[in-house]
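Read the structure below first, then the notes.
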Amino acid sequence: NAQVCTMVSVGGADIDVPPGEGGPPNNDANLSLIAYERCDGTVGGQLQDTIAGGIAIHAEVVCLYVSGKDAWITAAITHANPHSVFGDDYDGVPINIRIRDNGKHKDDPPDQASFWFFADSYSDCYYQWEYDLWDLNNGQAQIKQR
20 NAQVCTMVSV GGADIDVPPG EGGPPNNDAN LSLIAYERCD GTVGGQLQDT IAGGIAIHAE
80 VVCLYVSGKD AWITAAITHA NPHSVFGDDY DGVPINIRIR DNGKHKDDPP DQASFWFFAD
140 SYSDCYYQWE YDLWDLNNGQ AQIKQR
């Protein structure tokens, strides 16, 4: 087993979207993410996003790229509930999300995350897309590298 060289985690209440820009504040219920890259280059982890109203997705991390305080993650959906919201069965479909760790000091700005979006491929995280970032006012993001 290779040691972990890079770790990205997010936990807590979801992003705080300003009213009029996608929904009421904290319109997503919870975002949980752990993504890691072992020193041998293999990647793993999980993403769980629960949206207000009981809609949820679970995905397995397949790509992780970190540059400074930003992380780009691609994951493959393993479960979407309820399927009726997403139409067809989306198991295996890749999604992208972007995370920013702004620090842990009380004077630092809030950590941030994007919404997740359907991806074109399992290696999309290397493109470093510029998704809008929203404050995690009730959550914490951490990026750790050896």
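Every number in the working numbering is 19 more than the matching position in the sequence shown, counting from 1. Using N, Cα and C, we set each Cβ at its ideal position, and we do this for glycine too.
Other residues of its chain near residue i: CB distance less than 6 Å, five sequence neighbours each side excluded
i: Asp59; result: Ala21
i: Val23; result: Tyr55, Arg57
i: Pro11; result: Only positions 20 to 165 of the chain appear in this structure, which leaves residue 11 out of reach.
Rounded C-alpha distance that separates residue i from residue j
i: Ile92; j: His98; result: 17 Å
i: Ile76; j: Arg57; result: 25 Å
i: Ile162; j: Ile74; result: 27 Å
i: Ala94; j: His124; result: 30 Å
i: Val80; j: Asp126; result: 31 Å
Exposed unless 16 or more other CB atoms sit within 10 angstroms - verdict on residue i
i: Phe137; result: exposed
i: Gln164; result: exposed
i: Gly87; result: exposed
i: Asn6; result: The requested residue 6 does not occur in the structure, where the chain is confined to residues 20 to 165.
Three-state secondary structure assigned by DSSP to residue i
i: Asp143; result: helix
i: Asn156; result: coil
i: Glu56; result: strand
i: Trp87; result: The sequence given here places Gly at residue 87; Trp does not occur at that position. In this structure, Gly87 counts as coil in the three-state DSSP scheme.
i: Gln65; result: strand
Which runs of the beta strand (DSSP E) spanning at least 3 residues fall entirely within the segment 105 to 142, listed in chain order? Those beta strand (DSSP E) runs which fall completely within the segment 105 to 142 and span 3+ residues are 113 to 119.
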